[in-house]
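A.B. asks:
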Amino acid sequence: MLFNLPKNKNLRKTVLNVVSVYLITTILLVLTLSYIYLSNQEKHIFTLQQEKVDIQAQQIINELEVLNDNIVEEIALYPRLENIESAIYDIDKNLIFSTFNQNISIFNKKQFIKDNFVYYVYSVEPYYLGAAYLVVQKPKTYELKSTLTKLVSIVVLIILFLVLTSFLLVQILIKPLSDNINLLDKFIKDTTHELITPTSTILNNIEVLDLNSIGEKNLKKINRIKIGATTISNIYKDLSFLLLNNRQKSDNKNLDLSNILFQRVEYFKILADNRKISFIVNIQKEIYAEFDKHRLERLIDNLISNAIKFSSQNGTIFISLNGGENGIKLIIEDEGIGMKNSEIDKIFTRHTRLNSNISGFGIGYDIINSIIREYNIDIDIVSGEKKGTKVILRW
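Residue 39 in numbering that gives the first Met the number 0 is what sits at position 40 of the sequence shown, and the numbering runs on without skipping anything.
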């Protein structure tokens, strides 16, 4: 390709927006200038034609004067010129004589256009043959077809030139930024990849430990290590999803949602127990749906993780899953700090953090939003300050 758009989605969107605004404003300017040029050309041609008509009109008036002076001696023959028609009117604008093929009522204008003819109105003084006005008719021959054709061709070439140069200029300007973003993406990708191996090693070794033979003091320390490793593992999964979501195709299978939800609740129990938060679970068995397992886990994990994060000590989280003819409904409700109704829409924006006292990157609901949009899942959030938050998914 002549121009390569940035791989970064937000940067690519910015480039297209900038180029679009630049092209639209420039094209409007070119079209405005073209219209002004055409209008001036039409006036110029009209002026040139009127100069010729003025000479012909004066010639007719001169002949009317001669005819008026010799009306007794000569037969009254109305003057005619080649390629021109005319008519005379009295002071009250009543027709005296005309060579027009149609009846024309004159107005208080020096010229007007009607039925593809241009009419020029002249005063006759003195009133030769009782005529106060002479009206000259000329075909509307000053069409601008050739000029318009040339102008359209020029405008099209200008627009094509602007499209090419705009993308080229924007590409040159954003290259340093694009390179830095790609470098940062690579750094995050490499870093997150390096995190998973030691984190998995820690968690796997904790699982094989004989915890019954360990003293209570050491057991608390191991639990703290497991909580930290679990938190890092969850962050790794979220960052990996954000980095690879647009590059990996969904591998949808008929999954047992009930079983996977049970597993994710068990996974987060150690984090909940650390804050003395309990789960009340009501999960209907054997509910199946077409889903990508990795995306389903990210959806459930972020919902449960947020419920734990924003719950108060000794709080309760309610989780229910039901399915039937009306579809599947998943509800996760906490008794935490909640939020204002005006803040609900803001949480879907990446890096939005409504409470700076609670740790996090502000990416949880951005991940949730991308997944529910992909699978056409309806989401309802009911929340109030110090009243907790209830998230309902339907599909």
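A virtual CB, placed ideally from N, CA and C, is assigned to each residue, including glycine.
First and last residue of the beta strand (DSSP E) that includes Phe261?
C.D. replies: Taken as a continuous stretch (DSSP letters only), Phe261 belongs to no beta strand (DSSP E), being part of the alpha helix (DSSP H) at Leu256 to Tyr266.
A.B. asks: Taking the alpha helix (DSSP H) that Leu298 falls in, what are its first and last residues?
C.D. replies: Lys292 to Lys308
A.B. asks: How should Leu76 be labelled, buried or exposed, when 16 other C-beta atoms within 10 angstroms of its C-beta is the threshold for buried?
C.D. replies: Burial call: exposed.
A.B. asks: Kindly indicate which three-state DSSP category Met0 falls into: helix, strand or coil?
C.D. replies: Here Met0 scores only 47 on pLDDT, less than 50, and its place in the model should not be relied on; the value that follows carries that caveat. Met0 falls in the coil class under three-state DSSP.
A.B. asks: Report the residue ranges of all beta strand (DSSP E) runs contained in full by the stretch 50-125; include only those spanning at least 3 residues, in chain order.
C.D. replies: 84-88, 94-97, 110-113 and 116-122
A.B. asks: Exposed or buried, what is Thr98 when buried is set at 16 or more other beta-carbons lying within 10 Å of its beta-carbon?
C.D. replies: exposed
A.B. asks: With a threshold of 8 Å on Cβ separation, who are the neighbours of Phe292 within its own chain once the five nearest residues in sequence on each side are excluded?
C.D. replies: Note on identity: in this sequence residue 292 is Lys, with Phe being the wrong assignment. If we look at Lys292 and ignore the five residues flanking it on each side, its Cβ neighbours are Asp250, Lys252, Leu254 and Ile259.
A.B. asks: Are there 16 or more other CB atoms within 10 angstroms of the CB of Tyr119, so buried, or fewer, so exposed?
C.D. replies: buried
A.B. asks: Quick one: Cα of Ile380 to Cα of Tyr364, how far?
C.D. replies: 12 Å
A.B. asks: Quick check: what's the CA-CA separation for Glu124 versus Ala131?
C.D. replies: 7 Å
A.B. asks: Grab the span of the beta strand (DSSP E) containing Gly363 for me, first residue to last.
C.D. replies: Gly363 -> not in any beta strand (DSSP E); alpha helix (DSSP H) instead, spanning Gly363 to Glu373.
A.B. asks: Express the C-alpha separation of Glu265 and Ile173 in angstroms, rounding to a whole number.
C.D. replies: 47 Å
A.B. asks: Assuming contact is defined by CB atoms lying nearer than 8 Å, are Leu128 and Ile105 in contact in what I supplied?
C.D. replies: no
A.B. asks: Going by beta carbon distance, what residues of the same chain come within less than 7 Å of Leu398, once the five residues before and after it are set aside?
C.D. replies: For residue 398 there is no data in the structure shown, the boundaries of the chain being 0 and 394.
A.B. asks: Is it buried or exposed, Asp300, if we count other Cβ atoms within 10 angstroms and call 16 or more buried?
C.D. replies: With at least 16 other beta carbons inside 10 angstroms of its own, Asp300 counts as buried.
A.B. asks: So, at 6 Å on beta carbons, what are the nonlocal neighbours of Asp377 in its own chain, with the 5 sequence-adjacent residues on each side left out?
C.D. replies: Arg393
A.B. asks: So, helix, strand or coil for Ile380, using DSSP?
C.D. replies: Residue state, collapsed to three classes: strand.
A.B. asks: From Gln101 to Glu84, what does the alpha carbon distance come to, in whole angstroms?
C.D. replies: Each residue's alpha carbon lies about 11 Å from the other.
A.B. asks: Among the residues of its own chain, which have a CB less than 7 Å from the CB of Met0, if the five just before and after it don't count?
C.D. replies: With a pLDDT of only 47 at Met0, under 50, the local geometry of the prediction cannot be trusted, and the value read off the model is given with reservation. Excluding sequence neighbours, Met0 sits near nothing in its chain.
A.B. asks: My assumption, with CB atoms under 8 Å, is that Leu147 sits in contact with Ile60. Please give the rounded CB distance.
C.D. replies: About 36 Å; that fails the 8 Å criterion.
A.B. asks: Could you pull the start and end residues of the beta strand (DSSP E) that Phe317 belongs to?
C.D. replies: Thr315 to Gly323
A.B. asks: Tell me whether Arg393 sits in a helix, a strand or coil according to DSSP, three-state version.
C.D. replies: Three-state DSSP puts Arg393 in a strand.
A.B. asks: I need the DSSP call for Thr388, collapsed to helix, strand or coil.
C.D. replies: In the displayed model, Thr388 falls within a strand according to three-state DSSP.
A.B. asks: Does the distance from the CB of Ile269 to the CB of Thr229 come in under 8 Å?
C.D. replies: Yes.
A.B. asks: If we call anything under 8 Å between Cβ atoms a contact, is Ser33 one with Val117?
C.D. replies: Their beta carbons are not under 8 Å apart, which means Ser33 does not touch Val117 by this criterion.
A.B. asks: I need the boundaries of the beta strand (DSSP E) containing Ser277, first residue and last residue.
C.D. replies: Ser277 -> beta strand (DSSP E) spans Ser277 to Ile282.
A.B. asks: Within its chain, find whatever has a CB closer than 6 Å to the CB of Glu64; leave out the 5 residues flanking it on each side and keep chain order.
C.D. replies: Tyr127
A.B. asks: By how many angstroms is the C-alpha of Ile366 removed from the C-alpha of Leu298?
C.D. replies: The alpha-carbon atoms of Leu298 and Ile366 are separated by roughly 7 Å.
A.B. asks: Bridge partners for Asn179 per DSSP, in chain order?
C.D. replies: None, per the DSSP bridge assignment.
A.B. asks: Using the rule of at least 16 other Cβ atoms within 10 Å of the residue's Cβ for burial, across every protein chain shown, is Lys137 buried or exposed?
C.D. replies: buried
A.B. asks: Which residue comes first and which comes last in the beta strand (DSSP E) that contains Lys328?
C.D. replies: Segment Gly326 to Glu332, the beta strand (DSSP E) holding Lys328.
A.B. asks: What residue range does the beta strand (DSSP E) around Tyr132 cover?
C.D. replies: Where Tyr132 is concerned, the enclosing beta strand (DSSP E) stretches over Tyr132 to Pro138.
A.B. asks: In angstroms with no decimal places, state the Cα-to-Cα distance between Asn179 and Ser19.
C.D. replies: 24 Å
A.B. asks: Let's test the definition: count the other Cβ atoms within 10 Å of the Cβ of Leu302 and tell me whether it reaches 16, buried, or not, exposed.
C.D. replies: buried
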